[in-house]
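Working notes, beginning with the structure itself.
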Amino acid sequence: MLLSRAVIAMSTRTNYAKIRDMSTDKIRNFSIIAHIDHGKSTLADRLLEFTKTISKRNMKEQVLDTMDLERERGITIKAQAIRMQYKGYELNLIDTPGHVDFSYEVSRSLAACEGTLLLVDATQGIEAQTLANANLAIASNLKIIPIINKIDLPGAEVQMVKEELMHTMGFEEEEIILASAKEGTGAEGILDAIIERIPAPKGTDDAPLQALIFDSHYDAYRGVIVYIRIVNGTLTKDDNILFLGTGCEFEALEIGYLKLGLVPQDKLSAGEVGYLIANVKNIADAHVGDTITTIKNGSKQALPGYKPIKPMVYCGFYPINGEDYERLKEAMEKLRLNDAALFFEPETSQALGFGFRCGFLGLLHLEIVQQRLTREFDLGLIATTPNVIYKINLNNKKELYIDNPTKFPDFSYIESIEEPFLKVSIFTPATYVGSIMTLATDKRGTYKNLEYLDQQRAIITYELPLSEVIIEFNDMLKSVSSGYASMDYEPIGYREADLVKLDILINQELVDALSFIVHRDRAHYYGKKYTERLVEEIPMQMFAIPIQAAIGGKVVARETVKARRKDVLAKCYGGDVSRKRKLLEKQKEGKKKMKRVGRVDVPQEAFLAVLRINK
Amino acid sequence: MTSRQQLTMKQLTINNNVISLYIHLPFCKKKCNYCDFVSYAGKEDLIDEYVESLCKEIKTAGPQDYQTIYFGGGTPTLLSPKHFDKVLKTLTHLHKTPPPLPEGEGKKENDIEISIETNPGTADKAKLKVLRELGINRLSIGAQSFNNQHLKTLGRIHSAEDIIRFYNDARSAGFENINLDLIFALPGQTLAEWQADIQTALKLKPEHLSVYNLQIEEGTPFHLKRSTLNLPQEDLELAMYEDTIESLTSAGFKHYEISNFSKPGFECKHNLFYWRNGNYLGVGAGAHSHVDGQRWANPNSIENYIHDPRPSPQDQSSPLIFRQETIFMGLRLLDGLEIEKFKGFEQEVADSIGDNLLTKDKDNYKLTRKGLYLANLVFERFV
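Which chain is which? The protein sequence lines are A and B, in order.
Heads up: the first sequence is residues 16 to 630, going by the numbering used here.
Heads up: the second sequence is residues 566 to 948, going by the numbering used here.
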């Protein structure tokens, strides 16, 4: 859902519009901040309908037609920035991604707006992520319009959510708009508030061009479609342009705005939001946050806030069947066309053979990619335990950044190890504060702050190692809070920690892909839990299989997968030999889905066992 | 010739003329909780019509030199002697060699094996006697257990006492080749209970014992409530199986197939056709056939079989599949299989010998004791 945002099909390209003749004070650029399921897309639909940008009927047909159109014409666009007309104003709705892994992308979408609708579910209240994004909006000086949605539901606690909004974010009661996007109530009030409260964009048409890239999308037929906000200056069709961050030069082949489809224009002026097609082949060249200017008389000054994409979490992807290596490579290349944050390079594992080391923005990003490779490309895949990038300070004063535990130098060369830390904000009903603090402490967290929003809700702030957060933290947070707590995080740099490498030996063979880095104090605990978990994951085979956890050759935990002693079909199927054959084939097929390590068949799940230590 | 026959059945031609005949009789008073065979309760009113169809199917196959005949079920003894008479007469008329004769009227050593499956309580002494006189010379009794509690759990409609009475009736009706079917690893069963079953069976002195390990099959009542069944764990199952082998071999039985034990000379000749991957024609609903490497199955439903008995498309066949099946069926026999049958599987054989699963015995490869307990893992290597 997060990567495959609403897609609408492009309609005919005959609807060329007149060149815009609207001063910036008639433009409003806004986004919607909401937690997943709080009704963002339904509200967007209502606004599009109310402004007659897209009719109800039309929207449905468009969605239904998408597949066929895609096949026939191969053109799809994401509804990333839709333009609406309302009371003589031009309203641009800019979409924002909805997950903590994509907070940088969110910040750039927000930077393209002057205001945002803060949508809160009347039955759920504020969630950590909503608050985090609202804080991003505040930091970008955006005007925030608070909206309580789903007021029609039986469980709606309108007054409580109102107080929460007033208390946490300092809104006045009369600022808060009540709505039911599903029923369509509140749409008019919201549109009026957008015009009245959100300031018009600043910027002048005749200044040197500065256009912010806030999103991009790969289309198989048109190349990369770049979504931009003109901050200063004017972009004219056929301009020769320069991307300041990447240094790439292109020609603006087509520019315009989005309505039901792409609406080409001759120019885009300061304050406007639109798209650019410039024969960009590689999505990494249209980097979110980058500034576009003209080559002639352009701006030397990039817009603030540009950050190169830096993967936070790494893991190895290996085909179960070695022959699928090329297919895996092609599939990853296809995904990368549309996912500039996906990083990968070939790597080799002694246990798993040829595969790729892959970098992701976060664990969710990893899971999405893994699922798509499995489902869309039908690849049997082994994903190794995710890990972070460690900074190693060597005795000889050199520094190393390591994205794979197997690349750790011998510990005798290591002076110290640093690992990335996060500031984690956890939003929770007050009842669970105690158990969440216990969890955070268990995960090597440092307590920073506890703030009660009201009698019922609290925000707990901890500093935690990223490595602990990516391993089962979110699941455990949900489990200790009956699913109510939510979290948000931001990186706060590297810190020294006493870390060791925990190796796993299956049947006396070190399986490099199972090694992981763990704090010395937790090594025994993890060693024991990990080996216990592996015993459950590895099916019994004809011989007993010792599973050992070791640090630097010293075994710290040991378990055994018992030998299979009996597996014989003592039943009479009469003459139905085909049935016997099918049973045997199925049994054999099951083993093909496993990876052979030495003499042992190891199922895919075992390679992620460390993520499920407490399940 | 009816159109049905033109569509479905044709006279069989067999390369080496060696074939046996399986006749399926899918009628039961009640379906057992573990049973996934083709059998139905409450369809006895279709029996007459069904037997008509059987005879047609047998006739269509033409005269064949059947080496064995097996009436399986279901519960064949739900049919009356006239039905068996009709089927056997149909065969007699087609048969190239003289028909099987009742004892005393022909040369006993030339009699072909004609088996019937029965369930205790489904035939009295008089009926058993008539069946024997029709030429049926091997009786297989579905005893399953001598523990009334377990019989109830299995959904059997008879008691331990019924089995013993039925067995004695069969003896006095003249059956000199009797098999008992037994099942172990029943829900909640202890090793001692199983040992008691074996001892009771031995006291009856049958010529043959088929000992099956309970399998929980999809679509059965047991499968639905499998999580609550308290089934024995692998170690206990193995102990029961080991104990079976030990007890029966010391009582003079030969363990000749994974699940089968017999007094010398009383191996089931019909089932040997399956294990040796030989030819057999299966007639009746859901019956499977294997003729010269081709396999097919009749429709499972009685009604479909009667009205439109088109068999399923033939199962995939190839010389490779035939050789694979010859191996994994043949290795079920404890004496194993001739070495030349393993041609093309040298690597699998070497690996299996290395893993102590197979061993060479004169001109055969056969399962070791370890290989016997892990037979599925061995067979898997040859498919």
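C-beta atoms are modelled at their ideal positions from N, C-alpha and C, and glycine is treated no differently.
All values reported here derive from a predicted model rather than from experimental measurement.
Query raised in the report: Over what stretch of residues does the beta strand (DSSP E) that includes A398/A continue unbroken?
Result: The residue labelled residue 398/A in the question sits at position 383 within the first sequence. Per DSSP, A398/A belongs to the beta strand (DSSP E) from L396 to A398.
Query raised in the report: How would you call D527/A, buried or exposed, if buried means at least 16 neighbouring beta carbons within 10 angstroms?
Result: Here the question's residue 527/A lines up with position 512 in the first sequence. Flag for D527/A reads buried.
Query raised in the report: V914/B CB to nearest chain A CB: under 8 Å?
Result: One-based indexing of the second sequence puts residue 914/B at position 349. Not an interface residue.
Query raised in the report: Just to confirm, are V295/A and F265/A a CB contact at a threshold of 8 Å?
Result: Here residue 295/A refers to the residue found at position 280 of the first sequence. Here residue 265/A refers to the residue found at position 250 of the first sequence. Yes; because the gap between Cβ atoms is below 8 Å, this pair is in contact.
Query raised in the report: How would you call S364/A, buried or exposed, if buried means at least 16 neighbouring beta carbons within 10 angstroms?
Result: Within the first sequence, the letter at position 349 stands for residue 364/A. Classification of S364/A: buried, given that the 10 Å Cβ count is 16 or more.
Report task. Look up N255/A in the DSSP assignment and say whether it is helix, strand or coil. Result -> The residue labelled residue 255/A in the question sits at position 240 within the first sequence. Here N255/A sits in strand by DSSP.
Requested in this report: Give a yes or no on whether the C-beta atoms belonging to Y447/A and A500/A are separated by under 8 Å.
Outcome: Locating residue 447/A in the first sequence gives position 432, where the first residue counts as 1. Locating residue 500/A in the first sequence gives position 485, where the first residue counts as 1. A contact, by the Cβ cut-off of 8 Å.
Query raised in the report: Is any beta-carbon of chain B found at less than 8 Å from that of M609/A?
Result: Translated into positions along the first sequence, residue 609/A becomes position 594. Not closer than 8 Å to any Cβ of chain B, the Cβ of M609/A fails to qualify, so no.
Query raised in the report: Which residue comes first and which comes last in the alpha helix (DSSP H) that contains Q100/A?
Result: Residue mapping note: residue 100/A aligns to position 85 of the first sequence, counting from 1. No alpha helix (DSSP H) holds Q100/A; the beta strand (DSSP E) holding it covers A96 to Y101.
Requested in this report: In angstroms with no decimal places, state the Cα-to-Cα distance between Y242/A and V576/A.
Outcome: The count along the first sequence starts at 1 and reaches residue 242/A at position 227. The count along the first sequence starts at 1 and reaches residue 576/A at position 561. The alpha-carbon atoms of Y242/A and V576/A are separated by roughly 55 Å.
Requested in this report: Starting from the Cα of K610/A, find the closest Cα among L63/A, E552/A and G589/A and give me that residue.
Outcome: Locating residue 610/A in the first sequence gives position 595, counting from the first residue. Of the candidates L63/A, E552/A and G589/A, the one whose C-alpha sits nearest the C-alpha of K610/A is E552/A.
Report task. On a CA-only basis, which of I904/B, Q629/B, Y635/B and D920/B is nearest T657/B? Give me that one, please. Result -> One-based indexing of the second sequence puts residue 657/B at position 92. Closest by alpha carbon: Q629/B.
Query raised in the report: Measuring CA to CA, which of Y806/B, I584/B and L611/B is closest to A850/B?
Result: Reading the second sequence from its first residue, position 285 is the one you call residue 850/B. The shortest C-alpha separation from A850/B is found at L611/B.
Requested in this report: Note down the Cα distance separating V173/A from I163/A, rounded to an integer number of angstroms.
Outcome: Within the first sequence, residue 173/A is the residue found at index 158, counting from 1. Within the first sequence, residue 163/A is the residue found at index 148, counting from 1. Spanning the two alpha carbons is a distance of roughly 7 Å.
Query - L751/B beta carbon less than 8 Å from that of L719/B - result: To locate residue 719/B, count along the second sequence from 1; it is residue 154. To locate residue 751/B, count along the second sequence from 1; it is residue 186. Contact: yes.
Query raised in the report: Around the Cβ of K322/A, are there at least 16 other Cβ atoms within 10 angstroms (buried) or fewer (exposed)?
Result: Residue numbering aside, residue 322/A sits at position 307 when the first sequence is read from its first letter. K322/A should be labelled exposed.
**Report entry** chain B residues whose Cβ lies nearer than 7 Å to that of G377/A
**Finding:** For the purposes of this step, residue 377/A is taken as the residue at position 362 of the first sequence. What G377/A touches in chain B: nothing, since even the nearest Cβ is about 38 Å away.
Query raised in the report: Is K165/A buried or exposed, if buried means 16 or more other CB atoms sit within 10 Å of its CB?
Result: As a first step, residue 165/A is located in the first sequence; it is residue number 150 there, counting from the start. Label assigned to K165/A: buried.
**Report entry** Rounded separation between V612/A and G337/A - CA only
**Finding:** The sequence position of residue 612/A within the first sequence is 597, counting from 1. The sequence position of residue 337/A within the first sequence is 322, counting from 1. The alpha-carbon atoms of V612/A and G337/A are separated by roughly 13 Å.
Report task. Kindly list, in the order they appear in chain A, the residues whose Cβ is closer than 9 Å to that of F636/B. Result -> Position 71 of the second sequence, counted from the first residue, corresponds to residue 636/B. Correct list: empty, because the minimum Cβ distance to chain A is about 12 Å.
Query raised in the report: Where DSSP assigns a beta bridge to N464/A, which residues make up the other side?
Result: Position 449 of the first sequence, counted from the start, is the residue given in the question as residue 464/A. According to DSSP, N464/A bridges with T476/A.
Query raised in the report: Quick one, which residues of the region 848-861 of chain B are near chain A if we go by CB-CB under 8 Å, in chain order?
Result: A852, H853, S854, H855 and R860
Query - Under 8 Å by beta carbon: chain B residues contacting V173/A - result: Along the first sequence, one-based indexing puts residue 173/A at 158. The contacting residues do not exist; V173/A stays about 46 Å from chain B at best.
Report task. List the residues that DSSP assigns as beta-bridge partners of P361/A. Result -> The residue you call residue 361/A lines up with position 346 of the first sequence. Its beta-bridge partners are F371/A.
Report task. Report the rounded CA-to-CA distance for L846/B versus S775/B, giving the unit in angstroms. Result -> In the second sequence, the residue the question calls residue 846/B occupies position 281. In the second sequence, the residue the question calls residue 775/B occupies position 210. Each residue's Cα considered, the two are about 23 Å apart.
Query raised in the report: When you compare each of T66/A, E64/A and V121/A to A48/A by their alpha carbons, which one comes out closest?
Result: Taking the first residue of the first sequence as position 1, residue 48/A is located at position 33. Residue identity differs from the one stated: residue 48/A is Ile in this sequence, not Ala. Among T66/A, E64/A and V121/A, the Cα nearest to that of I48/A is on V121/A.
Requested in this report: Whole angstroms is fine: what's the gap from D746/B's alpha carbon to S827/B's?
Outcome: Counted from its first residue, the second sequence places residue 746/B at position 181. Counted from its first residue, the second sequence places residue 827/B at position 262. Rounded to whole angstroms, D746/B to S827/B spans 12 Å at the Cα level.
Report task. Go ahead and label K55/A buried or exposed: buried means 16 or more other beta carbons lie within 10 angstroms of its beta carbon, across all protein chains shown. Result -> As a working note, residue 55/A is residue 40 in the first sequence. K55/A is buried by the Cβ-count criterion.
Requested in this report: Give the single residue among V571/A, N522/A and Q523/A whose Cα lies nearest to the Cα of G542/A.
Outcome: Numbered from 1 along the first sequence, position 527 holds the residue referred to as residue 542/A. Minimum Cα distance to G542/A is reached at V571/A.
Query - Beta-ladder partner(s) of L108/A, from DSSP - result: By 1-based counting over the first sequence, the position of residue 108/A is 93. DSSP, once it has assigned bridges, lists F45/A and I97/A as partnering L108/A.
Query raised in the report: Fully enclosed by the region 315-361 of chain A, which alpha helix (DSSP H) runs are 4 residues long or longer?
Result: 340-352
Query raised in the report: Under a three-way DSSP split, which group does R61/A fall into?
Result: Stepping through the first sequence from its first residue, residue 61/A is reached at position 46. Helix at R61/A.
Query raised in the report: Short check: CB of K931/B to CB of G901/B, under 8 Å?
Result: Position 366 of the second sequence, counted from the start, is the residue given in the question as residue 931/B. Position 336 of the second sequence, counted from the start, is the residue given in the question as residue 901/B. Yes, Cβ-Cβ distance for K931/B and G901/B is below 8 Å.
Report task. Closer than 9 Å, Cβ to Cβ, to anything on chain A: give me those residues from the region 678-697 of chain B, in chain order. Result -> none
Query - Limits of the beta strand (DSSP E) - the one that I429/A falls within - result: Against the first sequence, residue 429/A aligns to sequence position 414. From DSSP, the beta strand (DSSP E) with I429/A extends over I429 to P444.
Requested in this report: Mind listing, in chain order, the continuous beta strand (DSSP E) runs of no fewer than 3 residues lying wholly within the region 222-284 of chain A?
Outcome: 225-234, 238-247, 249-251, 255-258, 264-266, 269-273, 277-280 and 282-284
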